[in-house]
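**Student:** Going by the working numbering, 38 is the number at position 36 of the sequence shown; the sequence numbering is gapless.
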Amino acid sequence: MFSWIYKDKIKEEWNMNAIILPPTKKEEFHSHGNKLKVVIPSLLTNHNYGLYEIDMEPKARGPKLHYHKLMEETFIVNKGTLTVLTIDGETIVNEGSIIHIPKFAAHGYNNDSDEIVKMTMIFTPGQNREDFFRKLYKALEESPNDLRKFYNLYLENDSYPIDDNNMIPMHK
Numbered sequence: 003m004f005s006w007i008y009k010d011k012i013k014e015e016w017n018m019n020a021i022i023l024p025p026t027k028k029e030e031f032h033s034h035g036n037k038l039k040v041v042i043p044s045l046l047t048n049h050n051y052g053l054y055e056i057d058m059e060p061k062a063r064g065p066k067l068h069y070h071k072l073m074e075e076t077f078i079v080n081k082g083t084l085t086v087l088t089i090d091g092e093t094i095v096n097e098g099s100i101i102h103i104p105k106f107a108a109h110g111y112n113n114d115s116d117e118i119v120k121m122t123m124i125f126t127p128g129q130n131r132e133d134f135f136r137k138l139y140k141a142l143e144e145s146p147n148d149l150r151k152f153y154n155l156y157l158e159n160d161s162y163p164i165d166d167n168n169m170i171p172m173h174k
């Protein structure tokens, strides 16, 4: 009798189907040699995580040193050589490398190479990170850049810059 009750409970709790996302239905953002593609929006995972792909053109800048209080990041370098920024300096990582950024760890990244860098990025928890990227990439296209807007956007989205005087996360 116990096994039947347990089986019914599982059926009740697992009343969801797999979600298949076609490759043509992914939201993309572009700015300053960076392309970010939303692969699995955090809304689909109940904000447990979000999965993104980033392509960086040669010499493209990424975010400057910052940290998160509530989420962790993991990067998988799928192609190219990425320069990872930490509080201790720069580290060059090659294709196939995995970089895990725990909460409160200062980090940033650039593509200092002459080749394109392609990577996968995972935010855990996801915290609707795609909305942050949507707003960030829009703000990056404004001229001139409003540093107060960047600062507020960062703080509203669990991103804390190391240097408040040098806020623009990506630059030409």
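All C-beta atoms in this analysis are idealised placements derived from N, C-alpha and C, irrespective of residue type, glycine included.
1) Select from Ile101, Gly110 and Ile103 the residue whose C-alpha is nearest the C-alpha of Gly91.
2) Based on the DSSP secondary-structure assignment, which residues constitute the bridge partners of Val95?
3) If I follow the unbroken alpha helix (DSSP H) through Lys71, where does it start and stop?
4) Looking only at C-alpha atoms, which of Ile103, Thr83, Ile94 and Pro60 sits nearest to Phe77?
5) If you compare alpha carbons, which of Leu138, Phe134 and Leu157 is closest to Gly52?
6) Identify the residues that DSSP records as bridge partners of Leu38: which are they?
7) May I ask you to report which of helix, strand or coil DSSP gives Lys151?
8) How many Å lie between Asn50 and Glu74 at the Cα?
9) Beta carbon of Phe31: closer than 7 Å to some heavy atom of the ligand HEM?
10) Is the region 59-68 close to the region 24-40, with three or more CB pairs under 8 Å?
11) Please classify Lys61: does DSSP put it in a helix, a strand, or coil?
12) Classify Lys66 as helix, strand or coil using the three-state DSSP reduction.
13) Throw me the rounded Cβ distance for the Lys120 and Lys81 pair, which I believe falls under 8 Å.
14) Determine the extent of the beta strand (DSSP E) in which Phe135 is found, giving its start and end residues.
15) Any C-beta of chain D sitting closer than 8 Å to the C-beta of Arg136?
16) May I have the straight-line CA-CA distance separating Leu45 from Pro127, to the nearest angstrom?
17) Between Asp114 and the rest of its own chain, which residues show a CB-CB distance below 6 Å, the 5 nearest in sequence each way excluded?
18) Go through its chain and collect everything with a Cβ distance to Glu29's Cβ below 6 Å, but skip five positions before and after it.
**Tutor:** Short version:
1) Gly110
2) Per DSSP, Leu84.
3) Element bounds for Lys71: n/a, residue is neither H nor E.
4) Ile103
5) Of Leu138, Phe134 and Leu157, the smallest CA-CA separation from Gly52 is found for Phe134.
6) Phe31 and Ile56
7) helix
8) 11 Å
9) With respect to the ligand HEM, the structure offers nothing, as it holds no ligand at all.
10) yes
11) coil
12) DSSP, reduced to helix, strand and coil, places Lys66 outside both helices and strands of the structure shown, so it counts as coil.
13) Correct: roughly 4 Å between the Cβ atoms.
14) Careful: Phe135 lies outside any beta strand (DSSP E), inside the alpha helix (DSSP H) at Arg131 to Leu142.
15) This model lacks chain D altogether, as it is built from one protein chain only.
16) Cα to Cα, the separation comes out at about 11 Å.
17) Thr85
18) Val40
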